[in-house]
Amino acid sequence: MIILGIESSCDDSGLALYDTHIKNLRSHVICSQNLVHKKYGGVVPELAARTHIQTIIPLLKKLLKNSNLELNKIDIIAYTKGPGLSGSLLVGASIACSIALSINKPVIGIHHLEGHLLSPFLSNNSLTFPFIALLVSGGHTQLIKVNSMGNYFLLGETLDDAAGETFDKIAKMLDLGYPGGPKISLISEFGDPNIYKFPRPMLYTNDFNFSFSGLKTSVLNVIKNIKLDLLKQEKANIARGFLDAIIDVLTSKCIAALKNTGFNKLVVVGGVGANKQLRKKLNILKKKYNYTVFYPKKEFCTDNGAMIAFAGAMRIENNSNLELNYEFNIKPQWKINQIKI
Ligand SMILES: Nc1ncnc2c1ncn2[C@@H]1O[C@H](COP(=O)(O)OP(=O)(O)OP(=O)(O)O)[C@@H](O)[C@H]1O
Ligand SMILES: [Mg+2]
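Residues in the sequence shown are numbered from 30 upward in steps of one, following the numbering used here.
In structure tokens:
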């Protein structure tokens, strides 16, 4: 069975073909809108939707050409149904349903975060349920107890800004550009870890929630007090102080969740999951705390069609309902614990 995955929940158009016979991807393509949104320092929803309209069909043609496949050889179309930006979701859903109608094949609407959650399966044959997931993306920061396919229990989440959003906002304050995560990661390598000690919010609260707005304000206050134009070294020191603080909180809460549940498998997904300093720290700690940690390939941390095609395949394997009426409805607000198999 060949599943076409279409991701368009935010500012990346991603398409992929997953083949259930070979249990692998046939091909995947992505078009990031970073250049479109860069000058605004964040995603502009209307521009994101319009750009998806321009990119998805050419991407589909490229995908089919890369995998030497005719459109009608696709068996099922999986598309991101939510959560996300309404306009962007509508473009992906309408294209998915139009293609499906034209070739008389069913569609399946996928929860975007389920796509992220399952993404490590694409490159880790030894990963099995259950596990604890740290989902750290541009819009979410959650710790989830993943019992089995479709059985997700939200242990805790951010009370304000998401981790990726915090990286982006701090990068903007430091004039490093968008998206901020990779820029902060890079510049912090030259930073002195002993200059700025930023707060570790909610580190000692006895729960699995996060809060990053105070950390963000703390960084902003330091930048304001320096007043003069920031020198590159000073930016690196601030970035390093911030990175150490956020990684401390993320890793400590992961370990607390593992201890609390008795699970010994951790998966880290979403854009911030590509962060090399976060991976390094989690890899160092695994021996001491006796856990195994799994990540998606770096290219599948941020939004992509491969995780949507794969989630579609997993849902079909678990007998989820397929839709043949093509009356798509999107769910811009959709909690992870509201999904059912
Ligand atoms: N190496 C990195 N280090 C830290 N953050 C990173 C890195 N690479 C990407 N990011 C961050 O990841 C975020 C994008 O991730 P992703 O595409 O998963 O989020 P999203 O899809 O916008 O949000 P959501 O999945 O919650 O809807 C951005 O905020 C970006 O700065
Ligand atoms: Mg995402």
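Beta carbons are placed, not taken as given, at the ideal position from N, Cα and C, and that holds for glycine.
Leaving out the 5 sequence neighbours to the left and right, which residues in its chain are closer than 6 Å to residue i when beta-carbon positions are compared?
i, result
"residue 294", "160, 321"
"residue 130", "355"
"residue 340", "139, 143, 144, 147"
"residue 268", "213, 216, 217, 220"
"residue 307", "276"
"residue 120", "37, 78, 81, 82"
"residue 296", "149, 160, 162, 323"
Put residue i into one of helix, strand or coil per three-state DSSP.
i, result
"residue 268", "helix"
"residue 319", "coil"
"residue 224", "coil"
"residue 69", "helix"
"residue 180", "strand"
"residue 57", "strand"
"residue 187", "strand"
"residue 41", "strand"
"residue 144", "helix"
"residue 84", "helix"
"residue 209", "helix"
"residue 306", "helix"
"residue 196", "helix"
"residue 368", "coil"
"residue 31", "strand"
"residue 352", "strand"
"residue 262", "helix"
"residue 328", "helix"
"residue 51", "coil"
"residue 99", "coil"
Can you list, in chain order, the residues of its chain whose CB lies under 7 Å from that of residue i, leaving out five sequence neighbours each side?
i, result
"residue 347", "178, 179, 370"
"residue 199", "209, 213, 245, 248, 271"
"residue 305", "214"
"residue 62", "40, 41, 77, 80"
"residue 300", "166, 167, 193, 210, 330, 331"
"residue 115", "359, 361"
"residue 141", "38, 109, 111, 112, 113"
Tell me, to the nearest whole angstrom, how far the beta carbon of residue i is from that of residue j; I am working on the premise that it is less than 8 Å.
i, j, result
"residue 338", "residue 107", "6 Å"
"residue 209", "residue 227", "Going by Cβ atoms, the distance from residue 209 to residue 227 rounds to 16 Å, so no, they are not a contact pair."
"residue 185", "residue 238", "4 Å"
"residue 240", "residue 188", "5 Å"
"residue 334", "residue 165", "That pair is no contact at about 20 Å."
"residue 284", "residue 324", "Their Cβ separation, rounded to whole angstroms, is 16 Å, which puts residue 284 and residue 324 out of contact at 8 Å."
"residue 87", "residue 353", "With a Cβ gap of about 27 Å, residue 87 and residue 353 do not count as contacting."
"residue 32", "residue 43", "Contact flag wrong, Cβ pair sits at about 14 Å."
"residue 163", "residue 172", "6 Å"
"residue 290", "residue 174", "6 Å"
"residue 298", "residue 230", "Between residue 230 and residue 298 the Cβ distance is about 22 Å, and since that is not below 8 Å, they are no contact."
"residue 357", "residue 122", "4 Å"
Using a Cβ-Cβ cut-off of 8 Å (strictly less than) and excluding sequence neighbours within five positions of residue i, which residues of its own chain qualify?
i, result
"residue 66", "40, 72, 73, 76, 77, 207"
"residue 30", "48, 49, 50, 104, 105, 342, 345"
"residue 202", "248, 249, 252"
"residue 96", "46, 55, 56"
"residue 327", "303"
"residue 366", "181, 182, 183"
- prompt: So does the region 303-320 actually touch the region 89-108, counting three or more Cβ pairs closer than 8 Å?
  reply: With the cut-off at 8 Å, the region 303-320 and the region 89-108 do not touch.
- prompt: Do the region 149-163 and the region 64-76 make contact, defined as three or more Cβ pairs closer than 8 Å?
  reply: Contact between the region 149-163 and the region 64-76 is absent, because fewer than three Cβ pairs lie under 8 Å.
Closer than 5 Å: residues whose CB approaches a heavy atom of ligand 2: Counting every residue whose Cβ lies closer than 5 Å to a heavy atom of ligand 2, we get 166, 332.
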